[in-house]
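Residue numbers (the numbering used here): 217 to 592.
Virtual Cβ for every residue (Gly too), placed ideally from N, Cα, C.
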């Protein structure tokens with residue numbers, strides 16, 4: 217069943233199922249704000265709905281990485297400072313969009329600060345920039361270019377303890393596309409150097425094999441987060457002990473090399489994190505989804521609450537789950553019956569999460585935004 221089928225059921229909103237949201241109902245400021253917030257994060261909301269939310273003065277959703285085309289274009293020329301200011305801070309603007317924003321704010325006192333921010337964001341697009349990579353000490357800093365220079369800089373890197381938080385050294389990141397340099401640096405005893413190598417997007421296979429068996433867990437973690445060549449067995453191992461980070465959302469489970477087939481064997485694992493992987497196996501069934509929706513561990517029930525195969529009845533049941541995180545996921549499930557969706561949208565405690573439900577028809581979203589904008 218598709219989201220469109222779930223949301224329309226052949227009738228769209230013509231059967232009045234959504235009427236309680238609009239007839240003789242005035243949302244409190246809390247509910248109105250929750251609707252605008254949740255709809256801004258709704259992956260099914262079309263661009264014109266999101267632009268209407270901008271017109272209501274809400275712009276936090278501009279930090280999303282999956283915005284429909286046209287939304288940021290509208291944001292950078294929006295008359296409300298909160299909107300174009302959030303767009304500037306989002307880190308999502310293209311050089312063209314930055315140009316339009318700077319042109320639109322040319323006569324404002326804040327223009328100089330925006331120009332500095334634009335230059336800073338442009339510097340972040342340097343070839344060796346990226347998440348988890350440190351900045352060079354000076355804009356004109358140059359990485360080493362010969363084995364002798366590489367060895368000299370490597371020998372000058374201070375030792376780091378296994379528990380120290382580290383970012384990849386900028387000059388090693390600048391050499392990530394140099395296979396010989398990576399081979400040289402991957403064998404260094406210095407943890408900071410090996411961790412910096414592990415942040416490379418692509419690495420020679422011999423370097424991958426070496427780092428995948430490194431004694432330092434952080435080296436293995438960085439490899440699983442950053443390197444497209446990380447092997448499946450490493451990714452599965454890291455998943456067993458790493459709960460993830462905001463810097464690399466979804467990793468290692470969303471890595472292209474993460475194993476899919478053969479995961480059913482974990483359905484009865486004593487480890488909840490391994491048990492939930494069974495639903496990622498292509499051979500898994502809707503019956504297993506239902507089974508795991510009753511699992512004693514909330515992280516497993518939460519995985520079932522995200523599965524598109526979950527039945528409407530179970531989606532409704534999980535909106536009353538004992539665990540808050542499971543309830544939040546169930547409110548967003550596209551199979552959740554409208555008889556449950558509407559009351560949840562009318563409750564200030566659940567309105568935001570439920571407004572993210574992709575089964576809400578676009579026509580209903582538009583009316584929700586109009587009503588909320590008048591009362592937020």
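In the same chain as residue 508, and ignoring 5 residues on each side of it, the C-beta atoms closer than 8 Å to its own belong to 483, 491, 492, 494, 495, 516, 517, 519 and 520, in chain order.
Per DSSP, the continuous alpha helix (DSSP H) segment holding residue 311 begins and ends at 311-320. Bounds of the alpha helix (DSSP H) holding residue 364 are 363-371. For residue 456, the enclosing alpha helix (DSSP H) begins and ends at 448-457. If you compare the alpha carbons of 250, 327 and 446 with that of residue 292, the shortest gap goes to 327.
Per DSSP, the beta-bridge partners of residue 349 are 384. DSSP, reduced to helix, strand and coil, places residue 563 outside both helices and strands of the structure shown, so it counts as coil.
Residues of the same chain with a CB within less than 6 Å of the CB of residue 320, apart from the 5 flanking positions on each side, are 293 in chain order. In this chain, the alpha helix (DSSP H) harbouring residue 579 covers 578-589. Its chain contains 402 and 403 as the residues whose beta carbon lies nearer than 8 Å to that of residue 426, once the 5 sequence neighbours on both sides are disregarded; these appear in chain order. Between the alpha carbons of residue 551 and residue 376 lies a gap of roughly 50 Å. Three or more Cβ pairs drawn from the stretch 406-417 and the stretch 428-441 lie within less than 8 Å of each other, which places the two stretches in contact.
By the beta-carbon neighbour count (other beta carbons within 10 angstroms, threshold 16), residue 549 is buried. Here the alpha carbon of residue 567 sits roughly 6 Å from the alpha carbon of residue 250. Straight-line spacing of the CA atoms in residue 409 and residue 301 works out to 38 Å. Restricting attention to 547, 512, 236 and 267, the CA atom closest to the CA of residue 523 is found in 547.
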